[in-house]
Amino acid sequence: MDSSMKLKAIPMDRRLFLGLAGTSAAIGASLLLDSRSVAAWTVPPSAVTDSAANATFAMLRIRWRDLNLGVGFDPTAAPFQAKLLSLGTQALSFMNTMAPARGSLWPTLSYLDPEPDGDAESIAFTAKITSSFQRLWTMAEAWAQPGTGHTGSQTLLDAVIAGLDHLTSDAYSPAHPRFGNWWDFQIGAARALGDTATLVFEHLSSARRAHYAACIDFYLPDPVVSSYTGLSTGANRVDLCRAIAISALLSENSARLSLASAALSPVFDHVTTGDGYYADGSFIQHDTVPYIGSYGAVLSDGVGRLLALLHGTEWEIAPPNLPKFFDAVDKAVAPLLYNGFMMDSVSGRSIARPATSGFVRAHSHLASIALIAKGVESATAERWRSMVKGWLLRNAVEPAMGYSAATTVRLAYLDELLRGTDVPPAPERAESRVFAQMDRVAHKRVDWAAALSMASARTCYYEYGNGENLRGWNTSNGWIQWLTPNTMDQYTGNFWPTVDPYHHTGTTTSLKPLNDGEGVAWGRTAPDTPWVGGAGDGSLSIAGQYLKAISSTLEARKSWIFLDDRVICLGAGITASDAAAIHTTIENRRVRASSDNTLTLDGVTSVPRPGDSATVTATWAHLSDHGGYVFPSGETVHASRQTRSGRWRDINSSTSNTQTVSETYVTMTIDHGVNPGDQGYSYVMLPGASSEQTRRAAACIHGTVQILSNTASVQAVHLPRLKTTAANFWQSATVKDLSSSGPASVLIRVSGTEATICVSDPTRTTGRLVLTWERAVNAVLEQPDTLSAVTTGERLRMEFEGLAGTQGATQVVRVSI
Numbered sequence: 002m003d004s005s006m007k008l009k010a011i012p013m014d015r016r017l018f019l020g021l022a023g024t025s026a027a028i029g030a031s032l033l034l035d036s037r038s039v040a041a042w043t044v045p046p047s048a049v050t051d052s053a054a055n056a057t058f059a060m061l062r063i064r065w066r067d068l069n070l071g072v073g074f075d076p077t078a079a080p081f082q083a084k085l086l087s088l089g090t091q092a093l094s095f096m097n098t099m100a101p102a103r104g105s106l107w108p109t110l111s112y113l114d115p116e117p118d119g120d121a122e123s124i125a126f127t128a129k130i131t132s133s134f135q136r137l138w139t140m141a142e143a144w145a146q147p148g149t150g151h152t153g154s155q156t157l158l159d160a161v162i163a164g165l166d167h168l169t170s171d172a173y174s175p176a177h178p179r180f181g182n183w184w185d186f187q188i189g190a191a192r193a194l195g196d197t198a199t200l201v202f203e204h205l206s207s208a209r210r211a212h213y214a215a216c217i218d219f220y221l222p223d224p225v226v227s228s229y230t231g232l233s234t235g236a237n238r239v240d241l242c243r244a245i246a247i248s249a250l251l252s253e254n255s256a257r258l259s260l261a262s263a264a265l266s267p268v269f270d271h272v273t274t275g276d277g278y279y280a281d282g283s284f285i286q287h288d289t290v291p292y293i294g295s296y297g298a299v300l301s302d303g304v305g306r307l308l309a310l311l312h313g314t315e316w317e318i319a320p321p322n323l324p325k326f327f328d329a330v331d332k333a334v335a336p337l338l339y340n341g342f343m344m345d346s347v348s349g350r351s352i353a354r355p356a357t358s359g360f361v362r363a364h365s366h367l368a369s370i371a372l373i374a375k376g377v378e379s380a381t382a383e384r385w386r387s388m389v390k391g392w393l394l395r396n397a398v399e400p401a402m403g404y405s406a407a408t409t410v411r412l413a414y415l416d417e418l419l420r421g422t423d424v425p426p427a428p429e430r431a432e433s434r435v436f437a438q439m440d441r442v443a444h445k446r447v448d449w450a451a452a453l454s455m456a457s458a459r460t461c462y463y464e465y466g467n468g469e470n471l472r473g474w475n476t477s478n479g480w481i482q483w484l485t486p487n488t489m490d491q492y493t494g495n496f497w498p499t500v501d502p503y504h505h506t507g508t509t510t511s512l513k514p515l516n517d518g519e520g521v522a523w524g525r526t527a528p529d530t531p532w533v534g535g536a537g538d539g540s541l542s543i544a545g546q547y548l549k550a551i552s553s554t555l556e557a558r559k560s561w562i563f564l565d566d567r568v569i570c571l572g573a574g575i576t577a578s579d580a581a582a583i584h585t586t587i588e589n590r591r592v593r594a595s596s597d598n599t600l601t602l603d604g605v606t607s608v609p610r611p612g613d614s615a616t617v618t619a620t621w622a623h624l625s626d627h628g629g630y631v632f633p634s635g636e637t638v639h640a641s642r643q644t645r646s647g648r649w650r651d652i653n654s655s656t657s658n659t660q661t662v663s664e665t666y667v668t669m670t671i672d673h674g675v676n677p678g679d680q681g682y683s684y685v686m687l688p689g690a691s692s693e694q695t696r697r698a699a700a701c702i703h704g705t706v707q708i709l710s711n712t713a714s715v716q717a718v719h720l721p722r723l724k725t726t727a728a729n730f731w732q733s734a735t736v737k738d739l740s741s742s743g744p745a746s747v748l749i750r751v752s753g754t755e756a757t758i759c760v761s762d763p764t765r766t767t768g769r770l771v772l773t774w775e776r777a778v779n780a781v782l783e784q785p786d787t788l789s790a791v792t793t794g795e796r797l798r799m800e801f802e803g804l805a806g807t808q809g810a811t812q813v814v815r816v817s818i
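The sequence shown lines up with residues 2 to 818 when you count with my numbering.
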């Protein structure tokens with residue numbers, strides 16, 4: 002999005018006329034109360050204004066209720082009718098089992114920790130404080146929403162207030178110092194308490210309002226957001242500001258509301274280290290974890306709501322850097338969404354939660370985009386709404402409108418968009434993005450998509466924490482998560498507790514046993530290798546990883562070239578000395594039944610039944626309903642079909658889900674042996690290809706893919722039909738007609754009488770780089786600031802300066818040839 006984006010004008014509603022103006026002025030105008038939502042409340046809006054002095058705060062509380070409850074939906078229509086009735090049933094169950102006692106509000110949620118020392122047990126106790134407040138929110142919502150069977154119930158309302166009183170005297174108040182997990186006190190419990198108290202505000206005495214606000218403020222004093230450091234960054238910063246703002250609505254504290262508004266500004270700036278959005282669209286949380294899928298959704302939801310809440314008021318959020326946040330929709334979120342699925346490789350430890358999937362994580366993003374689109378200029382809004390509608394309609398696995406745990410307000414945003422006849426669904430857009438700052442690549446075409454996950458000195462091997470994601474060790478060892486329209490359910494259901502954690506697709510791993518939670522928690526374990534990254538032109542990409550495996554001596558150089566219909570995968574310099582076998586996993590796909598998903602190696606059926614295995618030297622392979630694989634130099638492939646069992650509890654000790662589940666997988670690996678020295682591999686993935694397409698691709702592979710080098714010095718390929726050359730220089734080297742004076746990732750594409758040369762320094766350490774292309778060049782048509790000297794003529798010699806300061810970003814040079 003252009004930084005000069007203007008917001009569209011929306012007619013003002015006389016009930017909330019506040020002189021709408023500024024960057025976020027339009028966002029909330031279409032979120033105002035309609036007659037249905039007004040009628041749903043026990044106390045009409047006219048009763049909430051105590052005096053002219055607090056009219057603005059009364060209006061803001063109404064607006065916040067809208068943002069939490071949703072407006073404009075028909076409570077008697079699907080899916081709202083069933084959702085609201087279920088909400089009422091759940092609220093009644095919570096009310097009937099509530100039993101205030103020292104240390105708990107519900108017997109099953111005891112939060113009294115005898116030794117509050119911040120260990121895992123203490124964290125479990127503090128989580129129960131948050132859960133208790135969240136149950137009260139459920140009860141309050143059932144009281145406020147129409148169609149729950151308990152709308153306006155005095156008994157339910159009394160129980161909510163009694164519960165708030167108990168928790169804010171027994172566990173969450175200035176009399177109780179924080180222990181266990183900081184998040185529960187400063188975000189989880191604070192948000193749930195504030196939202197609930199705001200919803201029942203008219204039925205609270207002034208003393209209660211002040212007390213609830215004081216409880217939140219005790220755990221969230223002003224210094225919490227005084228500097229953009231530590232835990233007060235990224236999505237956490239947004240949540241902290243959100244809690245402070247809602248506390249201010251309870252106490253009608255203008256200064257605290259100003260603080261919440263102003264403290265959001267650093268979130269919109271692009272960061273160069275630590276948490277937040279980077280200029281290339283990368284998003285990091287917890288210092289080292291790529292987190293667009295989970296924390297990124299929290300950030301977008303929180304910012305969207307606060308923009309809508311405060312628009313047109315003296316606290317309006319309209320800093321000059323706000324357009325950078327809007328840019329993230331196109332640069333960060335969209336590339337990692339495919340048919341309504343958010344890639345797991347940017348979701349941290351949340352992949353190990355049984356109630357979520359990439360589809361569920363995407364739902365929040367889609368609702369947030371729909372909300373934010375209400376406040377941007379019309380062309381951008383229409384494009385975003387079309388993108389969201391396309392993702393919604395193509396999701397037949399876990400549709401957003403059928404997701405039982407979705408909030409009513411989220412459903413309301415998406416229902417409005419789906420019902421809009423003026424919004425055509427947009428198809429997936431073809432793009433390829435190297436996210437250098439988070440060591441990820443996203444590559445999409447209409448009929449397939451892939452996401453590559455790597456680790457470097459800047460990003461962790463994996464994140465575990467709070468007992469979650471205990472076996473994610475190898476998910477950044479070159480894991481390729483890929484999908485086609487026919488395999489959108491691949492990573493849903495019971496994939497994560499049953500998949501072999503030593504054999505993720507694309508990874509090179511040691512079979513040396515690893516402990517649950519190997520390394521340091523919260524993403525604090527990372528390799529010491531800086532050479533990870535790539536280069537791309539927005540359509541095609543090359544990426545490379547100098548792999549050093551976790552708790553192992555395993556090292557390897559791995560490269561990937563992402564094209565229109567394939568991914569070329571190269572490995573070289575594979576060495577280890579752990580006395581353990583080293584495998585590269587070509588594929589590890591979950592299959593529906595042993596009778597489906599036939600695996601053929603060179604056209605011969607293999608491993609048809611669970612438990613079968615075979616080792617075959619092959620030139621190609623095909624897995625029906627999934628895709629094909631070509632081995633340009635021939636590979637000895639070990640293939641197996643295995644039924645694996647596991648429990649969510651095995652990978653997430655914080656869940657109570659101990660049910661044993663089973664799934665069947667077809668796996669193909671290359672065995673490099675025990676203690677290999679300078680081993681390698683090469684293969685080509687063809688996502689979605691038929692058996693015949695794969696056979697034909699294998700027959701002409703040497704005419705379409707020429708592997709120029711596959712060594713620990715340089716990995717390079719030439720694609721004659723595409724007139725494209727891609728190379729990862731691990732050090733100074735020459736390959737065919739291309740030379741580099743040092744580490745670099747290079748992609749050269751020729752089109753007609755022009756060539757585009759994409760160059761990056763993945764190591765971030767190169768001061769001066771000389772790249773020479775033995776090709777006659779007439780003139781330079783476009784160049785970056787880093788190109789300090791260039792010589793044309795019979796050859797092209799380019800001298801780059803200052804690449805170390807570009808954060809691994811692609812430098813583009815365009816020449817006439």
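Heads up, the beta-carbon is just placed ideally off N, CA and C, and yes, glycines get one too.
Given the structure is predicted, the values throughout are model-derived calculations rather than measurements.
DSSP, read as helix, strand or coil, puts residue 570 in strand. In chain order, 432, 433 and 434 place their CB closer than 8 Å to the CB of residue 539, counting only its own chain and leaving out the 5 sequence neighbours on each side. Contact annotation: residue 726 and residue 717 have beta-carbon atoms nearer than 8 Å. DSSP, read as helix, strand or coil, puts residue 129 in helix. Boundaries for residue 730: no alpha helix (DSSP H) harbours it, while the beta strand (DSSP E) harbouring it runs 725–730, taken from the DSSP string. In the DSSP secondary-structure assignment, residue 622 is bridged to 602 and 630.
Rounded to whole angstroms, residue 745 and residue 759 show a C-alpha spacing of 10 Å.
Closest by C-alpha distance to residue 220, out of 184, 527 and 513, is 184. With contacts defined by Cβ atoms closer than 8 Å, residue 407 and residue 444 do not form a contacting pair. For residue 344, no pairing in a beta bridge is given by DSSP.
The DSSP-derived three-state label of residue 69 is helix. Under the Cβ criterion (8 Å, minimum of three pairs), the segment 626–642 does not count as touching the segment 456–473. Measuring C-alpha to C-alpha distances from residue 217 to each of 228, 195 and 286 identifies 195 as the nearest. In its chain, beyond the 5 residues on either side, 714 and 715 have a beta carbon closer than 6 Å to the beta carbon of residue 734. Taking each of 578, 625, 88 and 555 in turn and checking the Cα distance to residue 588, the smallest one comes out for 625.
Counting along the chain, the unbroken beta strand (DSSP E) around residue 591 starts and ends at 582–592.
A straight-line Cα-Cα distance of about 39 Å links residue 756 and residue 604. For the pair of segments examined, the segment 515–531 was found not to touch the segment 682–698: the number of CB pairs separated by less than 8 Å stays below three. Boundaries cannot be given for residue 508, as no beta strand (DSSP E) includes it and DSSP labels it neither H nor E. Under DSSP, residue 543 takes part in a beta bridge, and its partners are 536 and 562. Beta-carbon to beta-carbon, residue 553 and residue 579 are separated by about 6 Å, close enough to satisfy the 8 Å threshold. Counting every other CB atom within 10 Å of its CB across the protein chains shown gives residue 237 a total of 16 or more, marking it as buried. A straight line joining the alpha-carbon of residue 70 with that of residue 455 spans about 40 Å. Residue 818 carries a coil assignment under DSSP once its states are collapsed to helix, strand and coil. Rounded to whole angstroms, residue 723 and residue 581 show a C-alpha spacing of 41 Å.
Taking 3 residues as the minimum length, the beta strand (DSSP E) runs contained wholly in the segment 283–356 are 284–286, in order along the chain.
Between residue 673 and residue 586, the beta carbon gap of about 11 Å keeps them out of contact (Cβ cut-off 8 Å). Between residue 720 and residue 737, the gap from beta carbon to beta carbon reaches 8 Å or more. Residue pairing by DSSP puts residue 711 in a beta bridge opposite 716.
Pairing residue 259 with residue 55, the inter-Cα distance amounts to about 16 Å. Cα atoms of residue 671 and residue 638: separation of roughly 5 Å, rounded to the nearest angstrom. Sequence-distant Cβ neighbours of residue 792 in its own chain, meaning closer than 6 Å and more than five residues away, are 798. Beta-bridge pairing by DSSP links residue 674 to 583. Shown here, residue 461 sits in coil according to DSSP, grouped into three states, outside any helix or strand. DSSP, reduced to helix, strand and coil, places residue 777 outside both helices and strands of the structure shown, so it counts as coil.
Shown here, residue 491 sits in coil according to DSSP, grouped into three states, outside any helix or strand.
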